[in-house]
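S.K.: Let me begin by handing over the structure; questions about it come next.
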Amino acid sequence: MGSLSAHNAPVRYYKTYRRKSCLLSLQTRRVSSILRVQTETDLSTRTIQEIDSIQPSSDEDTGYISAAASTSYQLLDPVEYGEHGAAFLSGNYYPVGQEVTACCDYDAQAGDDSSTMKINGKIPSDFPLGQYAYVGPNPKFAVDHYKRWGAGPGQVDFGLGSGWHHWFEGDGMIYAVDFCTGNRVKFRNRFIRTSSWKREIESGKRIFRPLMNADGGTFLANALSNLITGGMFMKDSANTALLHFAGRTFALQDTCPPWELDPDTLETISACTFDGKLPPYVPFTAHPKVLPSTGELIFFGFNPVSPPHCSVGTLKPDGTISSINSLWSIPFVGSIFMHDFCVTEHFTVLFEGSMDIKPVRQLLGKHPLQYNEDKRARFGVLNRDAQSTSVTWFNCSSSQMVYHFINSWEEKNERNEQLIVITGIREDGFFQEAMRANGSSEWIKEAVRVGKIPKVHEWRINLVTGKVTERYLFSIPLETPRINDAFVGRRNRYAYAGRVLLSELESTTQLKFDAVVKIDMQEQKTVTYEHGPNRYGMEAQFVGRPGGVDEDDGWLVMYVHDESYTATDVNGRTECVIIDAQDVEAGPVATILLPERVPYGAHCMWRADLKYPGATFEDTAVAFEALSANFQVNEPKMFAFEQSQRGELLEAVWKGLSRVALGLFVHGWSPRIARENVTEYAFVRGAGLRFLEVSKLGSHRLREAVKERADATPAPPTLTLYDVEDDDSCRLVREVLSICDVSYLCKPCPTASCSNSSELAILQGVELGSEVVPFLRDDRNDDIAVKGADGIIQYLYQEYLDGEEPASLVSLFQRFAQASKINDASHRRTSRAGEQPLIFWGYEASPFCALVRKALNERGISYVFRPCARGSPRRSLLLNRTGIFQVPYLEDPNTGISLFESVDIISYLKKTYD
Numbered sequence: 001m002g003s004l005s006a007h008n009a010p011v012r013y014y015k016t017y018r019r020k021s022c023l024l025s026l027q028t029r030r031v032s033s034i035l036r037v038q039t040e041t042d043l044s045t046r047t048i049q050e051i052d053s054i055q056p057s058s059d060e061d062t063g064y065i066s067a068a069a070s071t072s073y074q075l076l077d078p079v080e081y082g083e084h085g086a087a088f089l090s091g092n093y094y095p096v097g098q099e100v101t102a103c104c105d106y107d108a109q110a111g112d113d114s115s116t117m118k119i120n121g122k123i124p125s126d127f128p129l130g131q132y133a134y135v136g137p138n139p140k141f142a143v144d145h146y147k148r149w150g151a152g153p154g155q156v157d158f159g160l161g162s163g164w165h166h167w168f169e170g171d172g173m174i175y176a177v178d179f180c181t182g183n184r185v186k187f188r189n190r191f192i193r194t195s196s197w198k199r200e201i202e203s204g205k206r207i208f209r210p211l212m213n214a215d216g217g218t219f220l221a222n223a224l225s226n227l228i229t230g231g232m233f234m235k236d237s238a239n240t241a242l243l244h245f246a247g248r249t250f251a252l253q254d255t256c257p258p259w260e261l262d263p264d265t266l267e268t269i270s271a272c273t274f275d276g277k278l279p280p281y282v283p284f285t286a287h288p289k290v291l292p293s294t295g296e297l298i299f300f301g302f303n304p305v306s307p308p309h310c311s312v313g314t315l316k317p318d319g320t321i322s323s324i325n326s327l328w329s330i331p332f333v334g335s336i337f338m339h340d341f342c343v344t345e346h347f348t349v350l351f352e353g354s355m356d357i358k359p360v361r362q363l364l365g366k367h368p369l370q371y372n373e374d375k376r377a378r379f380g381v382l383n384r385d386a387q388s389t390s391v392t393w394f395n396c397s398s399s400q401m402v403y404h405f406i407n408s409w410e411e412k413n414e415r416n417e418q419l420i421v422i423t424g425i426r427e428d429g430f431f432q433e434a435m436r437a438n439g440s441s442e443w444i445k446e447a448v449r450v451g452k453i454p455k456v457h458e459w460r461i462n463l464v465t466g467k468v469t470e471r472y473l474f475s476i477p478l479e480t481p482r483i484n485d486a487f488v489g490r491r492n493r494y495a496y497a498g499r500v501l502l503s504e505l506e507s508t509t510q511l512k513f514d515a516v517v518k519i520d521m522q523e524q525k526t527v528t529y530e531h532g533p534n535r536y537g538m539e540a541q542f543v544g545r546p547g548g549v550d551e552d553d554g555w556l557v558m559y560v561h562d563e564s565y566t567a568t569d570v571n572g573r574t575e576c577v578i579i580d581a582q583d584v585e586a587g588p589v590a591t592i593l594l595p596e597r598v599p600y601g602a603h604c605m606w607r608a609d610l611k612y613p614g615a616t617f618e619d620t621a622v623a624f625e626a627l628s629a630n631f632q633v634n635e636p637k638m639f640a641f642e643q644s645q646r647g648e649l650l651e652a653v654w655k656g657l658s659r660v661a662l663g664l665f666v667h668g669w670s671p672r673i674a675r676e677n678v679t680e681y682a683f684v685r686g687a688g689l690r691f692l693e694v695s696k697l698g699s700h701r702l703r704e705a706v707k708e709r710a711d712a713t714p715a716p717p718t719l720t721l722y723d724v725e726d727d728d729s730c731r732l733v734r735e736v737l738s739i740c741d742v743s744y745l746c747k748p749c750p751t752a753s754c755s756n757s758s759e760l761a762i763l764q765g766v767e768l769g770s771e772v773v774p775f776l777r778d779d780r781n782d783d784i785a786v787k788g789a790d791g792i793i794q795y796l797y798q799e800y801l802d803g804e805e806p807a808s809l810v811s812l813f814q815r816f817a818q819a820s821k822i823n824d825a826s827h828r829r830t831s832r833a834g835e836q837p838l839i840f841w842g843y844e845a846s847p848f849c850a851l852v853r854k855a856l857n858e859r860g861i862s863y864v865f866r867p868c869a870r871g872s873p874r875r876s877l878l879l880n881r882t883g884i885f886q887v888p889y890l891e892d893p894n895t896g897i898s899l900f901e902s903v904d905i906i907s908y909l910k911k912t913y914d
């Protein structure tokens, strides 16, 4: 009988890439998926040493697993993934696979070695309640699916040319930090479950072929294959930007309709057509504009596939479409790539840059999307007051491209002529070339040498003369500019942007921002805060101070990733930082250490708290205290439930009956009559007598129960069970644990995407998605690990019932129980409830406990289960602890809240961990 390893610390799944001179070397770059045991690993230094993983060898007769060494996995080779794919699937571009919920108090201060969600510094007392959310591409499958098309699992290549993964085509994931009532901060990340996401999850592999980095010869074939197999030419990833408008939250991408998310839970609802008024041929821009003066939202739709190629629309403040107009149609000729546009008080300004899409290029073996040096850029101006679809065009001086504008406004010159002033980041095809599949590194070096880099540019359109005058305002390489959104369409002084680290682009082709820059347009100067060595920021969101008047009176909120902090994830740690916008150079006033990485992504948003808009956390602290008190003043009621629980409750009752209430009684249970003792639990009592329930506990459990009674404190569990709620083999193991009256730490594994499943894959030495449940570890016996119901039941009866033979009913169900693989049909969330697992008192046969167990399992929340089957001494322990015995009973050591009643417990779990 072998043992796993004598480590009690949590085991995690780590990913790393090796560095050379603090940068990835293109020639020597490797990305490895390393299995690590946390207690043996010191990753706080710059040198990363590979630690042998636990590789099992199983004994088919017993189900026991012993430890053996293995080498690390080898991932990501530029030859296999392409230069761009290798770069944008490495380091902090490496995707995260699990959905996490975590929270902490404002006063939860962090130590340097913290792996949980805590805070450094102090969040300002007048910081508003609300949500900072960020979105970006995050491929959902294992990275080997993103090799050159045809080399990944289940992929068939047409042989017409190569197709490579492009960063823009990754699945969307939202990462949100909520600043909540009661001095709390909550973090969640959720996949955006679009149509393409669901289709690929159902198939278990990629079905949408690459387009952005497909060779010209295979582009059309890939697009047609996508339409046939996936129902659309391009993936609707919704991975580019976020919008909260008229009480609704949306994830956006240029080439698909907006995907609505539940503002509270961030779960995906559906594609939105605004009550059918958004035609299927009109996608929704990733950069809509909300006019502060009217509350209207202006959007455009760029359709690269079919005419009309551009449409412009307006949403009223209540979220309904008031107008939508298609502006032009150029069948067969092609279209212009459009990503951003501008608005002023009276005008909508479209930008037709020099990136165009011409299908005819495929005949020459070229990609249809190219930066066209021969095409002059131009602006198209629509007068919204005139309610006309007529566009007046104004030519720029040369070929140009802009992904992101800063702002635009109206003003008059010295001759009283009407002008539109526009500021933005002019990049002239830089990112198109910098993100091509292969060969971009040398191109970037040459572009940097000649100064062809993204910089702040100004255009001044004279509506009277038709002339456009231009100039560069700053020479700093910048991107993802943002302003105080209250100044959209009006003259603003300040903007905030990320400084592009050119050396990283040249050496690895990865896009990183090493600093945040405050731009003063009026004084023509900048103020910079550098994040520090190997620390890179993401897009900054301006959050205004409640009641503030000055344009920069507020804060910048952003994610910053520390690539050199590798104690919790060898790809680094992400923080949410808050910077005073009036003192950017001083750096963060508060830093929130997040429990999960946030990969480098695209764009962010801020929305005010849904219940307390405009309030600060101090304004609502009392309200939360009252809410907590309501949870704690929670009197149990006999057999109480809500009508909404009726179906699930009946199902749980039926399951219990079908298993003949197995797990209702402790081993050796028998009833007796005894004298009254109010400190002991009794099912029935009266006339000085009580109905006593006795049992035949194993010697270990008996000693433990005596100590628990003397100390009035439950003993900590030594068993850890990896479990799936609806699996019959897992249920049988839980039933036997109730029969043995042994408490255990339960680590639910609802899907392969949760953190418990990742941990289990390491323990079993298998690839993620191949782990088997049930799986039991026993820290009491040299970290014994047992896989499968047969082996676990044999072990429990041997060790915890002193070698008794399993009861006949257990043996009967044991014949049909088989170890199961964890289902990965969908990516479900996993909750990290803080530093401590929850504590759940109950017993397996109770249908009310089953409802709570299901809610914990769905969220992947780990908990200590203290079984209280009939005959268990824990019934008296709980009676003396709470003044009454009733289950389910839940204790949350992270919040100090304790609850009876399944309906209240489930409501609490939803409010706290969803």
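For the sequence shown, counting from 1, position 529 maps to 529 in full-length UniProt numbering; every step adds exactly one. Cβ coordinates follow ideal geometry from the N, Cα and C atoms, glycine included. Please read all numbers here as calculations on a predicted model, not as lab measurements.
(1) Are the segment 266-278 and the segment 318-330 in contact at 8 Å, needing three or more beta carbon pairs?
(2) Buried or exposed, going by whether 16 or more other CB atoms sit within 10 Å of the CB of residue 467?
(3) State the CB to CB distance for the pair residue 454 and residue 470, rounded to an integer number of angstroms; the pair is presumed to be in contact (CB under 8 Å).
(4) Pick from 712, 313, 741 and 894: whose alpha carbon is nearest that of residue 719?
(5) Taking buried to mean at least 16 other C-beta atoms within 10 Å of its own C-beta, is residue 93 buried or exposed?
(6) For the beta strand (DSSP E) containing residue 438, list its first residue and its last residue.
(7) Once the 5 residues before and after residue 447 are set aside, which same chain residues still bring their CB inside 8 Å of it?
(8) Residues in the same chain with beta-carbon distance under 6 Å from residue 380, minus the five sequence neighbours each way, listed in chain order, please.
(9) Compute the distance between the beta-carbons of residue 734 and residue 848, then report whether it is under 9 Å.
(10) Quick check on the DSSP output: the alpha helix (DSSP H) that includes residue 703 runs from which residue to which?
(11) Rounded to the nearest angstrom, what separates residue 287 and residue 81 at their Cα positions?
(12) Please work out which residues of its chain come closer than 7 Å, Cβ to Cβ, to residue 580, disregarding the five sequence neighbours upstream and downstream, and give them in chain order.
(13) If you measure between the beta carbons of residue 483 and residue 496, is that distance less than 9 Å?
(14) So, is residue 472 buried or exposed, given that buried needs 16 or more other C-beta atoms within 10 angstroms?
(15) Bridge partners for residue 864 per DSSP, in chain order?
(16) For residue 490, which of 274, 728, 402 and 291 has the nearest alpha-carbon?
(17) For chain D, check one thing: does any of its Cβ atoms lie closer than 9 Å to the Cβ of residue 754?
(18) How should residue 894 be labelled, buried or exposed, when 16 other C-beta atoms within 10 angstroms of its C-beta is the threshold for buried?
(19) Who pairs with residue 759 in a beta bridge, going by DSSP?
(20) Less than 8 Å between the CB atoms is what I'm expecting for residue 860 and residue 750, so what's the real figure, rounded?
(21) Could you tell me if residue 551 is buried or exposed, where buried requires 16 or more neighbouring beta carbons within 10 angstroms of its beta carbon?
(22) On the DSSP bridge list, what partners appear for residue 418?
(23) Given a threshold of 16 other Cβ atoms within 10 Å of its Cβ, counted over all protein chains shown, does residue 247 qualify as buried or as exposed?
(24) Please work out which residues of its chain come closer than 7 Å, Cβ to Cβ, to residue 212, disregarding the five sequence neighbours upstream and downstream, and give them in chain order.
(25) Within the chosen definition, does the segment 775-782 reach the segment 713-729 through at least 3 CB pairs nearer than 8 Å?
(26) Identify whether residue 82 lies in helix, strand or coil by the three-state DSSP scheme.
(27) Could you spell out the range, first to last residue, of the beta strand (DSSP E) harbouring residue 555?
(28) Enumerate in chain order the residues of its own chain whose CB-to-CB distance from residue 154 is below 7 Å, with the five nearest sequence positions on each side excluded.
(29) Report the option in 294, 571 and 844 whose CA atom is closest to the CA atom of residue 384.
(30) Just to confirm before moving on: does the CB-CB distance between residue 234 and residue 208 stay below 9 Å?
(31) Quick check: the segment 866-883 against the segment 708-719, are there 3 or more CB pairs under 8 Å?
(32) Only counting the same chain, and skipping five residues up and downstream in sequence, which positions put a Cβ closer than 7 Å to that of residue 157?
(33) Can you tell me which of the three DSSP states residue 794 falls into?
(34) How long is the line joining the alpha carbons of residue 174 and residue 670, rounded to whole angstroms?
(35) Residues in the same chain with beta-carbon distance under 7 Å from residue 853, minus the five sequence neighbours each way, listed in chain order, please.
(36) What residue from 443, 119 and 95 has the CA that sits closest to residue 146's CA?
M.R.: By the coordinates alone:
(1) Between the segment 266-278 and the segment 318-330 there are three or more inter-stretch CB-CB distances shorter than 8 Å, so the stretches are counted as touching.
(2) Taking the first residue of the sequence shown as 1, we reach residue 467 at position 467. Counting the other CB atoms within 10 Å of its CB gives residue 467 a total below 16, which places it among the exposed residues.
(3) For the purposes of this step, residue 454 is taken as residue 454 along the sequence shown, with counting starting at 1. For the purposes of this step, residue 470 is taken as residue 470 along the sequence shown, with counting starting at 1. Not a contact, Cβ separation roughly 15 Å.
(4) Sequence index remark: in the sequence shown, residue 719 carries index 719 (1-based). With distances taken between CA atoms, residue 719 lies nearest to 741 out of 712, 313, 741 and 894.
(5) One-based indexing of the sequence shown puts residue 93 at position 93. By the beta-carbon neighbour count (other beta carbons within 10 angstroms, threshold 16), residue 93 is buried.
(6) Stepping through the sequence shown from its first residue, residue 438 is reached at position 438. For residue 438, there is no enclosing beta strand (DSSP E), since its DSSP letter is neither H nor E.
(7) Against the sequence shown, residue 447 aligns to sequence position 447. Only residues of its own chain outside the window of five on either side were considered, and among them 430, 433, 434 and 453 have a CB closer than 8 Å to the CB of residue 447, listed in chain order.
(8) As a working note, residue 380 is residue 380 in the sequence shown. Result list for residue 380: 350, 391 and 393, in chain order.
(9) Locating residue 734 in the sequence shown gives position 734, counting from the first residue. Locating residue 848 in the sequence shown gives position 848, counting from the first residue. The answer is no: Cβ separation not under 9 Å.
(10) Counted from its first residue, the sequence shown places residue 703 at position 703. That run of the alpha helix (DSSP H) goes 699-711.
(11) Start at 1 with the first residue of the sequence shown, and residue 287 comes out as number 287. Start at 1 with the first residue of the sequence shown, and residue 81 comes out as number 81. Within the model, the alpha-carbon separation for residue 287 versus residue 81 is close to 30 Å.
(12) For the purposes of this step, residue 580 is taken as the residue at position 580 of the sequence shown. Around residue 580: 555, 586 and 589.
(13) The residue you call residue 483 lines up with position 483 of the sequence shown. The residue you call residue 496 lines up with position 496 of the sequence shown. The answer is yes: Cβ separation under 9 Å.
(14) Translated into the one-based positions of the sequence shown, residue 472 becomes position 472. It is exposed - the Cβ of residue 472 has fewer than 16 other Cβ atoms within 10 Å.
(15) Indexing the sequence shown from 1 puts residue 864 at position 864. DSSP output for residue 864 lists 745 and 839 as bridge partner(s).
(16) Along the sequence shown, read from residue 1 onward, the residue named residue 490 stands at position 490. For the residues 274, 728, 402 and 291, the minimum Cα distance to residue 490 belongs to 291.
(17) Among the chains in the structure shown there is no chain D, since it carries only a single protein chain.
(18) Position 894 of the sequence shown, counted from the start, is the residue given in the question as residue 894. Classification for residue 894: buried.
(19) Within the sequence shown, residue 759 is the residue found at index 759, counting from 1. Here residue 759 is not bridged, per DSSP, to any residue.
(20) For the purposes of this step, residue 860 is taken as residue 860 along the sequence shown, with counting starting at 1. For the purposes of this step, residue 750 is taken as residue 750 along the sequence shown, with counting starting at 1. In this structure residue 860 is in contact with residue 750, their Cβ atoms being roughly 6 Å apart against a cut-off of 8 Å.
(21) Position 551 of the sequence shown, counted from the start, is the residue given in the question as residue 551. By the beta-carbon neighbour count (other beta carbons within 10 angstroms, threshold 16), residue 551 is buried.
(22) Here residue 418 refers to the residue found at position 418 of the sequence shown. Per DSSP, the beta-bridge partners of residue 418 are 412.
(23) The count along the sequence shown starts at 1 and reaches residue 247 at position 247. Here residue 247 is exposed: its Cβ has fewer than 16 other Cβ atoms, across all protein chains shown, within 10 Å.
(24) Numbered from its first residue, the sequence shown carries residue 212 at position 212. Result list for residue 212: 166, 168 and 169, in chain order.
(25) Between the segment 775-782 and the segment 713-729, the count of Cβ pairs shorter than 8 Å is three or higher; the stretches touch.
(26) Numbered from 1 along the sequence shown, position 82 holds the residue referred to as residue 82. The three-state secondary structure of residue 82, taken from DSSP, is helix.
(27) Position 555 of the sequence shown, counted from the start, is the residue given in the question as residue 555. First-last of the beta strand (DSSP E) with residue 555: 554-562.
(28) For the purposes of this step, residue 154 is identified with residue 154 of the sequence shown, where counting begins at 1. Within its own chain, the residues whose Cβ lies closer than 7 Å to the Cβ of residue 154, once the five positions on either side in sequence are excluded, are 205, listed in chain order.
(29) For the purposes of this step, residue 384 is taken as the residue at position 384 of the sequence shown. Closest by alpha carbon: 294.
(30) By 1-based counting over the sequence shown, the position of residue 234 is 234. By 1-based counting over the sequence shown, the position of residue 208 is 208. Note that the C-beta distance between residue 234 and residue 208 is below 9 Å.
(31) With the cut-off at 8 Å, the segment 866-883 and the segment 708-719 touch.
(32) Translated into the one-based positions of the sequence shown, residue 157 becomes position 157. These residues qualify, in order along the chain: 149 and 150.
(33) Against the sequence shown, residue 794 aligns to sequence position 794. Residue 794: helix per DSSP, three-state reduction.
(34) What you label residue 174 is simply residue 174 of the sequence shown in a count that begins at 1. What you label residue 670 is simply residue 670 of the sequence shown in a count that begins at 1. Answer to the nearest angstrom: the Cα atoms are 55 Å apart.
(35) The sequence position of residue 853 within the sequence shown is 853, counting from 1. Within the same chain, residue 853 has close Cβ partners 725.
(36) Mapped onto the sequence shown, residue 146 falls at position 146. For residue 146, the closest C-alpha among the options 443, 119 and 95 is that of 95.
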